[in-house]
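Presented below is the structure to which this report refers.
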Amino acid sequence: MGPPRLTAGRVAAALVAASLVAGCTSDPDAPVASPSAPVDAPTEPVDPPPGSAEATSSPSAPEPTTETPAQPARRIRADTASEVVDALAGGIGPRPAATPAFRRAAGVVQRRLEGLGYVVRRQTVRVPAGVSWGIPVAGGRADNLVATLPGVRRDRPHVLVGAHLDTVPQAPGAEDNGSGVGTLIAAAEATAERPTRLPVVFVVFTAEEPRGPSDDDHHYGSRHYVATLTPAQRRAVRGMVSLDRVGVGRRVPVCSATGPPDALQRRVLDAGRRAGVAVTACESRTSDHWSFVRGGLPGVRLGGAPYAEYHSARDRPDVVDARQLARVGRVLLAWLAPTAG
Ligand SMILES: [Zn+2]
252 MGPPRLTAGR
262 VAAALVAASL
272 VAGCTSDPDA
282 PVASPSAPVD
292 APTEPVDPPP
302 GSAEATSSPS
312 APEPTTETPA
322 QPARRIRADT
332 ASEVVDALAG
342 GIGPRPAATP
352 AFRRAAGVVQ
362 RRLEGLGYVV
372 RRQTVRVPAG
382 VSWGIPVAGG
392 RADNLVATLP
402 GVRRDRPHVL
412 VGAHLDTVPQ
422 APGAEDNGSG
432 VGTLIAAAEA
442 TAERPTRLPV
452 VFVVFTAEEP
462 RGPSDDDHHY
472 GSRHYVATLT
482 PAQRRAVRGM
492 VSLDRVGVGR
502 RVPVCSATGP
512 PDALQRRVLD
522 AGRRAGVAVT
532 ACESRTSDHW
542 SFVRGGLPGV
552 RLGGAPYAEY
562 HSARDRPDVV
572 DARQLARVGR
582 VLLAWLAPTA
592 G
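Right under this line is the structure:
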């Protein structure tokens, strides 16, 4: 639902508030500008009385000028990311792959992405039974969701942004990884009508969480994604960023799976500096970027700062700081922007 009768000043204030708002428990009644609303939107009611000559000739009506090219998006709407965190962790709760809760969560995510104009394709993954963080879990089938704007082809050069949707059985998964999925959806929103350096493929992965002790007992969804790429699709992947636990802390971790030198990690770190965000180089193999790196493709992880509620029933929405989601969004959008190297 759109904001009723916002003045330009209120729209600007709402944009600032949306980027600065603290925590996921932001005031749900606060006015929020729609992503496509220009700051100089008309201040009159949206629907003038039918046949009102005064309304149609109002000096505040937008002029039918030639369109200026859209600028790259620089900020996500943190409210969008927080809404997704609330829906997944507050509304649905624990959602291990191949459970009814996971399927409900996938439905929520698919509807949101389709509502933004994306085409969502499902990739079904077989997931084995196992023991996930100490609790037995059943095997079954679960889906990756692959979202692109219409016309984007995965066998043409593109970058990929991923986030896992599943959780361990005992955790509602606000930070791990409602935060990553929420930020992915907010980035999809921010770039839907804005230019990016390359087309973006957004993938919401299933079954990242471990089902056993070895390196082959996790990351099932992303390994399936990489394993099923055609040769042309493999050549077209120019970089993958995994958003995994991105809502705690003040600095943004940018993790290589292999340590330096890592050209993609360097580019993402540079993007963070251009965006004015404090970034920290790190090393991690415990997220979906590792499936890409293992498969010979460039991948890094954003996020992963330690937090006390990790993999516990206390991983609830109030753990996630919307200001940190906004910072991660700025790093990601700076990497996706046409100026990026
Ligand atoms: Zn995770």
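For what it's worth, this note's numbering labels the leading residue of the sequence shown as 252, then goes sequentially.
From the three backbone atoms N, C-alpha and C, an ideal C-beta is built for every residue, glycine too.
Query	Result
Spatial neighbours of F456 in its chain, beta-carbon cut-off 6 Å, leaving aside the 5 residues before and after	N395, G413, H415, G472, S473, D539
Residues bridged to E534 [DSSP beta-bridge criterion]	S507
Exposure label - Q575; buried when at least 16 CB within 10 Å	buried
Under the three-state DSSP convention, the category H540 falls into	helix
Neighbourhood of R552 by C-beta distance below 6 Å, restricted to the same chain and skipping five residues each side	S493, D495, C506, S535, S538, H540
Cβ-based neighbour list, T479, same chain, cut-off 8 Å, excluding 5 preceding and 5 following	Q374
Between the CA atoms of G391 and E460 - distance to the nearest angstrom	15 Å
Status (buried if at least 16 other CB within 10 Å, exposed otherwise) for D513	buried
Spatial distance of P549 from A483 (CA atoms)	16 Å
Contacts around V403, its chain only, beta-carbon distance under 6 Å, and the 5 residues preceding and following it disregarded	P450
Coarse secondary structure for I343, derived from DSSP in three states	helix
DSSP state of R405 mapped onto helix, strand, coil	coil
N-terminal and C-terminal residue of the beta strand (DSSP E) that V582 is part of	Not the beta strand (DSSP E): V582 falls in the alpha helix (DSSP H), residues 573–587.
Test item: CB-CB of L584 and I343 under 8 Å	no
Under 8 Å between C-beta atoms of V425 and A340	Going by the sequence as given, residue 425 is Ala instead of Val. Yes; because the gap between Cβ atoms is below 8 Å, this pair is in contact.
Proximity test, R496 beta-carbon vs ligand 1 heavy atom, cut-off 7 Å	yes
Any non-hydrogen atom of ligand 1 within 7 Å of D427 CB	yes
A393 vs V376 beta-carbon contact at 8 Å	yes
Burial state of G358 (16 or more Cβ within 10 Å)	exposed
Reduced DSSP category for S383 - H, G, I as helix; E, B as strand; rest coil	strand
Reduced DSSP category for A414 - H, G, I as helix; E, B as strand; rest coil	strand
Run of the alpha helix (DSSP H) containing Q516, from where it starts to where it stops	514–525
Any non-hydrogen atom of ligand 1 closer than 7 Å to S538 Cβ	yes
When D467, V488, H475 are compared against P515, the one with the closest alpha-carbon	Per the sequence presented here, residue 515 reads as Leu, with Pro not at that position. It is V488 whose Cα lies nearest to the Cα of L515.
Local Cβ density within 10 Å of V290, reported as buried at 16 or more and exposed below that	Low confidence applies here, because V290 scores a pLDDT of 31, under 50, leaving its location unreliable; read the following figure in that light. Exposed, by the Cβ-count rule.
Through-space distance from Y369 to A559, alpha-carbon basis	36 Å
Presumed contact (8 Å Cβ cut-off) between G463 and G381, rounded CB distance	5 Å
C-beta contact flag for P408 and P589 at 8 Å	no
Counted within 10 angstroms of its Cβ, other Cβ atoms place R578 as buried (16 or more) or exposed	buried
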